[in-house]
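Undergrad:
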Amino acid sequence: METEVRAIQEVYTIRGEQITVVTKARFDHATGKQAFDQEIDNEAINTAFDAYRSKHMMITPSRIKALRQRWNLSQHDFAALFGWSDMTIATYETGALASETNSERLLALEETPELAQSLYESSKDMMTERGKQAFEEQMKNVIERRHND
């Protein structure tokens, strides 16, 4: 089957809302019909999710990962900090849409790192020793930076 990839406009329903995006799709030359292509279809879905995130000012997967890395925490320890499952962070970092509440909490921590201290106090028992050490070291850095500003 001979195919080609073309740009098309598609409408996705995300959380009950219609999101229109321009994306790629594979078409069969003989029939002119759209042909299945898992990779291109995944890209299209991610494009729609990105448009939804942008429209609703939600945190992106790359920013979630960067935030976790800023605290030098594993996915397990970062999830524990928020009282979430490991799978929650793993799926957010690979493209799943965060709930609005979770997105707001992540954005708040990104904007105001000092909020992490209260999260830590209520969740440190769920963190690994390595995670606790990493967090406490990063928290000292946050306090020092604020003090020096």
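For the sequence shown, our numbering assigns the number 10 to the initial residue and increments by one for each residue that follows.
Cβ coordinates follow ideal geometry from the N, Cα and C atoms, glycine included.
Beta-carbon separation of Ile73 and Ala88 under 7 angstroms?
TA: Your numbering for residue 73 matches position 64 in the sequence shown. Your numbering for residue 88 matches position 79 in the sequence shown. No, they are not a contact pair.
Undergrad: What is the rounded straight-line gap between the Cα of Leu124 and the Cα of Gly104?
TA: Residue 124 sits at position 115 when you count from the first residue of the sequence shown. Residue 104 sits at position 95 when you count from the first residue of the sequence shown. Those two C-alpha atoms are separated by around 25 angstroms.
Undergrad: Which one of Asp95, Leu116, Glu145, Ile23 has the shortest CA to CA distance from Leu76?
TA: Taking the sequence shown and counting its residues from 1, the one referred to as residue 76 is at position 67. Comparing Cα positions, the closest option is Leu116.
Undergrad: State buried or exposed for Gly140, treating a residue as buried only when at least 16 other CB atoms are found within 10 Å of its CB.
TA: Taking the first residue of the sequence shown as 1, we reach residue 140 at position 131. Buried, by the Cβ-count rule.
Undergrad: Which of the three DSSP states is assigned to Phe36 in this structure?
TA: The residue labelled residue 36 in the question sits at position 27 within the sequence shown. If DSSP states are grouped into helix, strand and coil, Phe36 belongs with the strands.
Undergrad: Using only alpha-carbon positions, find the residue among Ala53, Gln126, Glu13, Glu153 that is nearest to Phe144.
TA: Residue 144 sits at position 135 when you count from the first residue of the sequence shown. When each option's Cα is compared against that of Phe144, the closest is Gln126.
Undergrad: From what residue to what residue does the beta strand (DSSP E) around Ala57 run?
TA: Within the sequence shown, numbered from 1, the residue matching residue 57 stands at position 48. Note, Ala57: premise wrong, no beta strand (DSSP E); alpha helix (DSSP H) at 47-64.
Undergrad: Taking Glu130 as the reference, give the member of Leu90, Glu102, Val14 with the closest Cα.
TA: For this step, residue 130 is matched to residue 121 along the sequence shown. Comparing Cα positions, the closest option is Leu90.
Undergrad: Helix, strand or coil for Arg24 per DSSP?
TA: Within the sequence shown, residue 24 is the residue found at index 15, counting from 1. Three-state DSSP puts Arg24 in coil, outside helix and strand.
Undergrad: With a CB to CB cut of under 6 angstroms and the five nearest residues on each side skipped, what residues in its chain are close to Arg35?
TA: Taking the sequence shown and counting its residues from 1, one reaches residue 35 at position 26. So the qualifying residues of the chain are Thr12, Val14, Ala44, Asp46, Ile49.
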